[in-house]
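A short worksheet on the structure shown next.
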Amino acid sequence: MAFDRRTFIGTTAATGAAVALAGATSTPAAAATQQDARKPGPRTYAFTVMGTTDLHGNVFNWDYFTDKEFDDKAHNDVGLAKISTLVDQVRAEKGRRNTLLIDAGDTIQGTQLSYYYAKVDPITARRGPVHPMAQAMNAIGYDAAALGNHEFNYGIPVLRKFEEQCDFPLLGANALDAKTLRPAFAPYSMHKLRTPCGRDVKVAVLGLTNPGIALWDKANVQGKMTFPGLEEQAAKYVPKLRSMGADVVIVSAHSGSSGTSSYGDQLPYIENAAALVAEQVPGIDAILVGHAHTEIPEYRVKNKATGKDVVLSEPLKWGQRLTLFDFELVWEKGRWSVAKVAAKVLNSNTVAEDAKITRLLSDEHRKVVAYVNQVIGTSTQVMSSAEGPVKDVAIIDLINHVQAETVKTALAGTQWAALPVLSQASCFSRTAAIPAGQVTIRDAAGLYPFENTMEARLLTGAQLKDYLEYSARYFVRTAPGDAVDPAKLTNAESIPDYNYDAVYGLAYDIDIAQPAGSRISGLSFQGKAVDPAAQFVLAVNNYRASGGGNFPHVPQAKQLWSNSDEIRNTIIQWVKAKGTIDPAQFASVDWRLTRAGVPVF
12 MAFDRRTFIG
22 TTAATGAAVA
32 LAGATSTPAA
42 AATQQDARKP
52 GPRTYAFTVM
62 GTTDLHGNVF
72 NWDYFTDKEF
82 DDKAHNDVGL
92 AKISTLVDQV
102 RAEKGRRNTL
112 LIDAGDTIQG
122 TQLSYYYAKV
132 DPITARRGPV
142 HPMAQAMNAI
152 GYDAAALGNH
162 EFNYGIPVLR
172 KFEEQCDFPL
182 LGANALDAKT
192 LRPAFAPYSM
202 HKLRTPCGRD
212 VKVAVLGLTN
222 PGIALWDKAN
232 VQGKMTFPGL
242 EEQAAKYVPK
252 LRSMGADVVI
262 VSAHSGSSGT
272 SSYGDQLPYI
282 ENAAALVAEQ
292 VPGIDAILVG
302 HAHTEIPEYR
312 VKNKATGKDV
322 VLSEPLKWGQ
332 RLTLFDFELV
342 WEKGRWSVAK
352 VAAKVLNSNT
362 VAEDAKITRL
372 LSDEHRKVVA
382 YVNQVIGTST
392 QVMSSAEGPV
402 KDVAIIDLIN
412 HVQAETVKTA
422 LAGTQWAALP
432 VLSQASCFSR
442 TAAIPAGQVT
452 IRDAAGLYPF
462 ENTMEARLLT
472 GAQLKDYLEY
482 SARYFVRTAP
492 GDAVDPAKLT
502 NAESIPDYNY
512 DAVYGLAYDI
522 DIAQPAGSRI
532 SGLSFQGKAV
542 DPAAQFVLAV
552 NNYRASGGGN
562 FPHVPQAKQL
572 WSNSDEIRNT
582 IIQWVKAKGT
592 IDPAQFASVD
602 WRLTRAGVPV
612 F
């Protein structure tokens with residue numbers, strides 16, 4: 012019986028393992044690149060594993076929030092249509108039968124294209140559409156993909172439907188059924204590559220996802236799935252894969268390489284554990300890294316047990332880069348062994364979009380463009396987030412006002428109704444804007460690019476002071492009299508913009524001349540100094556409430572209310588209901604940066 016790379020066998024209830032066998036004879040051009048079995052000397056074989064990660068719903072080189080072609084300061088491009096062109100080039104060079112293509116997760120969330128087919132025209136509906144990411148990845152010919160944490164954002168039914176629509180397995184060795192503790196998804200896939208000499212090469216791909224899912228998507232997975240640590244599950248499966256005859260073991264891990272967690276004690280397992288897996292678990296040849304949204308062309312980690320290098324690579328998010336792992340194998344003592352591994356990344360801005368992908372999904376693209384350009388209201392003036400990281404601007408006040416108003420309404424008639432309601436928000440995008448005049452869905456959605464939901468937590472005045480001190484670490488310490496460059500004033504300690512919170516409803520100064528932890532002064536509510544014992548309600552997103560960013564107090568604080576609707580949708584519905592956005596009704600300058608009491612701006 013003949014198998015090709017698209018055939019999956021061997022799935023069992025006990026293991027959940029999908030086994031993919033790739034096997035037809037290599038093309039003459041590809042075979043010619045390998046060692047001829049009839050010539051003297053060692054028999055060798057070379058193949059390439061291509062990898063993407065954190066695609067986040069990007070098919071086209073298009074920004075649905077600005078309604079134009081994607082561009083950034085580095086002039087990167089995004090999308091699977093670009094990746095497809097790179098993949099075709101690599102396959103043409105190496106021979107298709109000498110390549111595999113895998114992904115490290117976060118596939119179905121992130122753009123309005125992916126949102127539309129999860130919420131507006133959902134793939135879970137009876138006779139619903141096929142998800143654009145499934146269509147594109149099937150057409151390109153992916154062999155396997157690890158689960159990312161954002162795969163769970165829309166709930167397990169959406170994820171299961173997406174899994175059903177994919178022609179390749181979704182892997183997650185550490186995504187377990189909460190009751191049976193058996194794999195809820197295929198832990199690994201096995202692929203055979205036909206060689207011109209010796210037996211076929213068996214390549215195992217082990218998929219690992221992020222244990223933070225248990226916190227970040229608690230509402231969707233609690234009681235249904237559990238997510239143990241990456242090292243633990245890798246140590247279980249890698250020996251098993253070797254015993255099954257795997258000549259090469261590759262891990263596709265939706266976990267960064269830094270060995271850190273952004274959740275402190277809230278997360279019992281390491282969030283960014285890829286390098287630890289390489290160091291601690293023998294038998295791994297390479298790791299495709301995801302989750303951290305950084306570019307790592309090649310990073311070598313020495314395994315403690317074997318002393319051998321494990322090669323890690325992380326391609327930049329959204330389809331901006333394609334990783335290539337180039338393997339060289341040698342046939343000796345009746346088996347294939349890895350002689351050399353090297354990694355690099357290719358830049359998708361060097362190629363054109365693949366017309367077969369853009370044609371395939373042109374109808375879906377047009378539908379989403381029409382959807383995001385629907386007019387939902389008007390604004391009395393222009394609002395921009397450009398200065399949001401360093402100034403209290405109206406557009407961030409809009410987010411906070413909607414959140415605070417929503418929570419006040421939700422708590423009306425409860426024992427908490429009389430408490431003052433505050434709100435936290437970050438400058439998620441420095442390019443977000445609300446125009447004067449007509450406001451569209453994409454304008455409103457652009458304020459909140461994440462699928463966060465909202466909660467209400469009970470905090471004291473003292474706890475809020477701690478919260479603000481922690482947030483103010485974001486600013487670079489700048490002495491009085493020193494020149495101030497707004498572009499260099501933020502992101503101290505590599506803190507991203509989304510982990511700097513402004514709290515709406517309080518007034519305070521942030522003295523950036525002081526050391527972190529001693530920067531908040533003049534903290535007041537409605538003109539009076541905040542009583543450390545006073546109680547407040549904080550409208551907060553679920554990322555922060557579950558420990559995201561490791562902010563103090565909030566994860567342990569009493570939850571008074573929660574909502575399953577995305578904050579982005581709440582903003583859109585608020586604009587629709589009000590009809591007009593008037594900053595005069597909600598915007599004020601309540602926080603400012605100072606040095607020794609003198610405003611910076």
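Here the numbering used here runs 11 ahead of the position in the sequence shown, where the first position is 1. Virtual Cβ for every residue (Gly too), placed ideally from N, Cα, C. All values derive from a computational prediction rather than experimental measurement.
{"Item": "For Ala595, name the three-state secondary structure that DSSP assigns.", "Value": "helix"}
{"Item": "In terms of alpha-carbon separation, which member of Ala85, Val169 and Gly590 lies closest to Ser359?", "Value": "Ala85"}
{"Item": "Measure from the C-beta of Gln291 to each C-beta in chain D and report whether the shortest distance is under 9 Å.", "Value": "Absent here is chain D; the protein component of the structure consists of one chain."}
{"Item": "Where Gln385 and Thr451 are concerned, what is the direct C-alpha to C-alpha distance, given to the nearest angstrom?", "Value": "5 Å"}
{"Item": "Would you be able to state if there are at least three C-beta pairs under 8 Å between the segment 595 to 610 and the segment 521 to 540?", "Value": "yes"}
{"Item": "Check each candidate in Leu372, Lys247, Ser95 and Asn69 and name the one with the smallest Cα separation from Leu629.", "Value": "Outside the modelled stretch of the chain, which goes from 12 to 612, sits residue 629, for which no answer is possible."}
{"Item": "For Phe238, write down the residues that DSSP places opposite it in a beta bridge.", "Value": "BP columns for Phe238 are empty, so no partner."}
{"Item": "Can the beta-carbon of His302 be found less than 9 Å from the beta-carbon of His265?", "Value": "yes"}
{"Item": "Check whether the segment 174 to 181 and the segment 145 to 152 are in contact - that is, three or more C-beta pairs closer than 8 Å.", "Value": "yes"}
{"Item": "Let me check understanding here. Comparing Cα to Cα, which of Val300, Ala354, Glu375 and Ala366 lies closest to Gln123?", "Value": "Glu375"}
{"Item": "When you compare each of Phe179, Lys203 and Gly121 to Thr110 by their alpha carbons, which one comes out closest?", "Value": "Lys203"}
{"Item": "To the nearest angstrom, how far is the alpha carbon of Leu433 from that of Ser390?", "Value": "24 Å"}
{"Item": "For Leu335, does the count of other Cβ atoms within 10 angstroms reach 16, so buried, or fall short, so exposed?", "Value": "buried"}
{"Item": "Can you give me the start and stop residues for the beta strand (DSSP E) that Glu309 sits inside?", "Value": "Ile307 to Lys313"}
{"Item": "Whole angstroms is fine: what's the gap from Leu217's alpha carbon to Val259's?", "Value": "11 Å"}
{"Item": "Pick out whichever of Ile224, Glu243, Ala246 and Lys315 has its Cα sitting closest to the Cα of Met236.", "Value": "Ile224"}
{"Item": "With a threshold of 6 Å on Cβ separation, who are the neighbours of Tyr554 within its own chain once the five nearest residues in sequence on each side are excluded?", "Value": "Asn463"}
{"Item": "Measure the CB-CB distance between Pro183 and Leu226 and report whether it falls below 9 Å.", "Value": "Note on identity: in this sequence residue 183 is Gly, with Pro being the wrong assignment. No."}
{"Item": "For Ala297, collect the residues of the same chain with a Cβ closer than 6 Å to its Cβ; drop the 5 residues on either side in sequence, then sort them by chain order.", "Value": "Ile261, Val322, Phe336 and Val352"}
{"Item": "Taking the straight line between their C-alpha atoms, what separation do you get for Glu343 and Arg54?", "Value": "8 Å"}
{"Item": "Enumerate in chain order the residues of its own chain whose CB-to-CB distance from Asp228 is below 8 Å, with the five nearest sequence positions on each side excluded.", "Value": "Asn160, Phe163 and Asn164"}
{"Item": "For Tyr519, which residues from the same chain have a beta carbon less than 8 Å from its beta carbon, with the 5 sequence-adjacent residues on both sides left out?", "Value": "Leu479, Ile531, Ser532, Gly533, Leu534, Ser535, Asp601 and Trp602"}
{"Item": "Could you say which of Asp211, Phe81, Asp65 and Ala129 lies nearest to Trp347 if we only look at CA atoms?", "Value": "Asp211"}
{"Item": "Report the rounded CA-to-CA distance for Arg253 versus Gly345, giving the unit in angstroms.", "Value": "15 Å"}
{"Item": "Does the segment 464 to 478 come close enough to the segment 568 to 575 that 3 or more CB-CB pairs lie under 8 Å?", "Value": "yes"}
{"Item": "Here's the rule: buried if 16 or more other CB atoms are within 10 angstroms of the residue's CB, otherwise exposed. What is Val401?", "Value": "buried"}
{"Item": "Rounded to a whole number of angstroms, what is the C-alpha to C-alpha distance between Arg107 and Thr118?", "Value": "24 Å"}
{"Item": "Return the Cβ separation of Asn552 and Ile578 in integer angstroms, given the expectation that the two are a contact with Cβ distance under 8 Å.", "Value": "6 Å"}
{"Item": "Please classify Gly256: is it buried, with 16 or more other beta-carbons within 10 angstroms of its beta-carbon, or exposed?", "Value": "exposed"}
{"Item": "Going straight from the alpha carbon of Ala540 to that of Leu517, what length do you get?", "Value": "10 Å"}
{"Item": "Within a Cβ cutoff of 6 Å, which residues of the same chain sit near Leu549, ignoring the five residues on either side of it in sequence?", "Value": "Leu433, Arg468 and Leu470"}
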